[in-house]
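Here's the structure, in structure tokens; my notes come after.
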Amino acid sequence: MVYNEPSPLETRVLSRRFGMPHSESIDTYLATEGYQAFRKAAKMTPDQIINEMKASNLRGRGGAGFPAGMKWSFVPRTSPKPKYIVVNADEGEPGTCKDRVLMENDPHQLIEGVLISGLAVDAHAGWIYIRGEYRYLIDIMDRAIAEAYQRGWLGKNIQGTGFDFELYTHTGAGSYECGEESALLESLEGKRGVPRIRPPFPAVVGAFQCPTVLNNVETFCAAPAIILNGGAAFAALGVPKAGGTKMTCLTGHINKPGVYELRLGFPVKQMIEEVGGGMRNGKKMKAFIPGGSSCPVLTAAECEGATMDYDSMAQRKSMLGSGGVVIMDEDTCMVKACLRLMKFYAHESCGWCIPCREGTTWLNKIMTRFHDGGGTEQDIGLLGDIAKNMLGRTFCPLGDAAALPMISIVEKFRPEFEDHLNGKPCPFEHSNRMVTA
Amino acid sequence: MTFSPQLEARFAKLLESYPAGRQRAAMIPMLLYAQDEVGSVTDELVEEVAQRVGVTPLQVNEVVSYYSMLHRQPRGKYHVQVCTNISCLLHDADRLLEHTCRKLGIENHGVTADGQFSIEEVECMGACSWAPAIQINYDFHHFVTPDKLDRLLDGLRKKQ
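Chains as they are written, first to last, in this note's numbering: chain V, 64 to 500; chain R, -4 to 155.
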């Protein structure tokens, strides 16, 4: 189902079937150009498919933003090993709920994207790794996969093309770290979700030690439109160095939270005011997270003139990330928000490397004491120091993911930390919004 | 151990879903699906899964201890999971958690004496645009207010 009203400002490419009756069924899919991109791709060479993906300027939608066509091209063609496709549906970045609606409303689009990727790298098997909490989506994907097998869109000799592909779902069991690609592969193989040392990258040594294309759900979902309408058409929807649209999750203190498909480069101000219906209760915005809690936080002033794309966010020393936008109003206690994030990263650190394991633990401990009124002036510097010492010193990006919001919040909202010093009660605790019984 | 025919069929399918010699990959799905039927990851279940996927019980245990959804102790029949991460927090999920605890008369991670309900504060569950959100077992509930929560829990109590 669709959880929010669409906005007229959306550019609906990946979400174009949302809201259609039985949008999840193969009949709806086939009636609306579904699997036509596969038919087209089956007549193309792997190089032609990859070149089309490159021309689309599609960058990975999980958060890292690596060019997808490039990633596909790294799979060694001459390797005698089988090649695999793995879909990262371990959506867990706080603020992000877009892969959920993509799978729920249009599961066949994802299957077709996987098939196109399979054609491009000569893979014949794939897994969709879905977080354990999304059990109902595993059921939806299983039903869609079964439909595709019945109608000959999966299995042996798909639609007489001679191409075989087997696709499976695989459940996670509760771990944010398993959204990191190499930890996901460990988890897929039945192990603890601890990252692998890279290189070698998954394109060369991935699932079950074989070359693997591993992308986010949204990345695969873009492939059918790219092949069908051409890479250039997709690229034209975005900005020069990043093509297409982004499934954007508006969350926090706005009037119309929801998941909206917006072209890359969409102005932040217009997104908040027009797509999101403006700030709730007419409040002012204090802080803005562009794409999931791992991005550096921006102030309202920094959002002036910003657009939702990789470069605009990089210029502001933040990231476009996963599309999980978090909007905080003037009544938000940034110390409390920061504490909650540090608690999250401390809980989710896999514990393998010391800067992350110890760093997140101590950031959480100090933030807890600080918010309770036990903070000292020295702590403010210490929080930044610990976080800066984590940056770039961990096996996987989880360490940076904790450090970046910490550094940005303590630097940009230092007066709020000072307001909590010397046993002062949190100045925002009075700001009851939802009063409990 | 004996499982329901449906779970056995699922196990059989799982064991065929991975490359030859890689049946260990079925371990985590088997544990989670079996936990749903058994109630928790018992010692007996650890042994059973170890034997079926061809690893030692210790190798299963080290996996069980890593994943937050796998648990060695039984939880309530209705496991109420309250997300308090950032997007839910901005909609006062911390107060919703407190309210849930008061309503059921148990602490976070507790189980009611009759074994019907348990509470867990959880990390982001992917319902950020429809915050605050909770899950009761695998069912999502969005835009949860204290009143809505009361109605949900009262409804489940009546069902018993």
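Built from N, CA and C at the ideal position, the CB exists for glycine as well.
Tell me whether the beta-carbon of residue i lies closer than 9 Å to the beta-carbon of residue j.
{"i": "G269/V", "j": "L248/V", "result": "yes"}
{"i": "A188/V", "j": "L230/V", "result": "yes"}
{"i": "V149/V", "j": "P265/V", "result": "yes"}
{"i": "I289/V", "j": "L182/V", "result": "no"}
{"i": "K161/V", "j": "G386/V", "result": "yes"}
{"i": "T224/V", "j": "D205/V", "result": "no"}
{"i": "H94/R", "j": "P141/R", "result": "yes"}
{"i": "L313/V", "j": "V338/V", "result": "yes"}
{"i": "G328/V", "j": "S357/V", "result": "no"}
Would you mind sorting residue i into buried or exposed? The rule is 16 or more other CB atoms within 10 Å of its CB.
{"i": "E118/R", "result": "buried"}
{"i": "Q30/R", "result": "buried"}
{"i": "A466/V", "result": "buried"}
{"i": "S60/R", "result": "exposed"}
{"i": "R140/V", "result": "exposed"}
{"i": "Q18/R", "result": "buried"}
{"i": "A122/R", "result": "buried"}
{"i": "G355/V", "result": "buried"}
{"i": "D87/R", "result": "buried"}
{"i": "D134/R", "result": "exposed"}
{"i": "N151/V", "result": "buried"}
{"i": "D435/V", "result": "exposed"}
{"i": "I89/V", "result": "buried"}
{"i": "S381/V", "result": "buried"}
{"i": "I417/V", "result": "exposed"}
{"i": "L53/R", "result": "exposed"}
{"i": "G455/V", "result": "exposed"}
{"i": "K134/V", "result": "buried"}
{"i": "D110/V", "result": "exposed"}
{"i": "S142/V", "result": "exposed"}
{"i": "R496/V", "result": "Low confidence applies here, because R496/V scores a pLDDT of 42, under 50, leaving its location unreliable and the question unanswered by this model."}
{"i": "R163/V", "result": "buried"}
{"i": "P0/R", "result": "exposed"}
For residue i, which residues of its own chain have a beta-carbon under 8 Å away from its beta-carbon, when the five flanking residues on both sides are left out?
{"i": "S35/R", "result": "H66, R67, Q68, P69, R70"}
{"i": "F491/V", "result": "D394, T395, C396, K399"}
{"i": "R261/V", "result": "S245"}
{"i": "I131/R", "result": "Y73, H74, V75, Q76, L147, L151"}
{"i": "E3/R", "result": "none"}
{"i": "K319/V", "result": "N67, E68, S70, L313, V338, G339, G340"}
Output yes if chain C places a C-beta closer than 9 Å to the C-beta of residue i; else output no.
{"i": "Q68/R", "result": "Going by chain labels, chain C is absent from the structure shown, which instead holds the protein chains V and R."}
Give me the Cβ distance between residue i and residue j, rounded to the nearest whole Å; I'm assuming they're in contact under 8 Å.
{"i": "L165/V", "j": "L173/V", "result": "7 Å"}
{"i": "P258/V", "j": "V267/V", "result": "With a Cβ gap of about 16 Å, P258/V and V267/V do not count as contacting."}
{"i": "G235/V", "j": "Y199/V", "result": "In fact, because the Cβ distance is near 14 Å, the residues do not count as touching under 8 Å."}
{"i": "I470/V", "j": "G447/V", "result": "6 Å"}
{"i": "R403/V", "j": "N56/R", "result": "Their Cβ separation, rounded to whole angstroms, is 31 Å, which puts R403/V and N56/R out of contact at 8 Å."}
{"i": "V388/V", "j": "I352/V", "result": "7 Å"}
{"i": "A298/V", "j": "S119/V", "result": "5 Å"}
{"i": "W425/V", "j": "I449/V", "result": "6 Å"}
{"i": "E324/V", "j": "L77/V", "result": "6 Å"}
{"i": "G253/V", "j": "V58/R", "result": "7 Å"}
Please work out which residues of its chain come closer than 6 Å, Cβ to Cβ, to residue i, disregarding the five sequence neighbours upstream and downstream, and give them in chain order.
{"i": "T282/V", "result": "G123, R124, A131"}
{"i": "M405/V", "result": "L426, N427, M430"}
{"i": "Y239/V", "result": "G155, E411"}
{"i": "P127/R", "result": "C83, H86, A88, L91, V139"}
{"i": "C366/V", "result": "V331, F351"}
Please state whether DSSP places residue i in a helix, a strand or coil.
{"i": "N495/V", "result": "Bear in mind that a pLDDT of 42 at N495/V, under 50, signals an unreliable position, so the model cannot answer this."}
{"i": "S357/V", "result": "coil"}
{"i": "I191/V", "result": "strand"}
{"i": "D463/V", "result": "helix"}
{"i": "D134/R", "result": "strand"}
{"i": "T308/V", "result": "strand"}
{"i": "A369/V", "result": "coil"}
{"i": "N278/V", "result": "strand"}
{"i": "K332/V", "result": "helix"}
{"i": "R80/V", "result": "coil"}
{"i": "A236/V", "result": "coil"}
{"i": "G513/V", "result": "Examination of residue 513/V is not possible in this model, given that chain V is present from 64 through 500 alone."}
{"i": "G345/V", "result": "helix"}
{"i": "V139/R", "result": "coil"}
{"i": "R146/R", "result": "helix"}
{"i": "F112/R", "result": "strand"}
{"i": "Y28/R", "result": "helix"}
{"i": "G223/V", "result": "helix"}
{"i": "N427/V", "result": "helix"}
{"i": "A500/V", "result": "Confidence at A500/V is low in this model, with a pLDDT of 30, below 50, so its placement is unreliable and no value can be given for it."}
Using 8 Å as the cut-off, classify the Cβ of residue i as near or not near the heavy atoms of the ligand FAD, replying yes or no.
{"i": "E244/V", "result": "Ligands in the displayed structure: none, and consequently the ligand FAD is not present."}
With a threshold of 7 Å on Cβ separation, who are the neighbours of residue i within its own chain once the five nearest residues in sequence on each side are excluded?
{"i": "W157/R", "result": "A query on residue 157/R cannot be resolved here, the shown segment of chain R reaching from -4 to 155 and no further."}
{"i": "G315/V", "result": "V389, I390, M391"}
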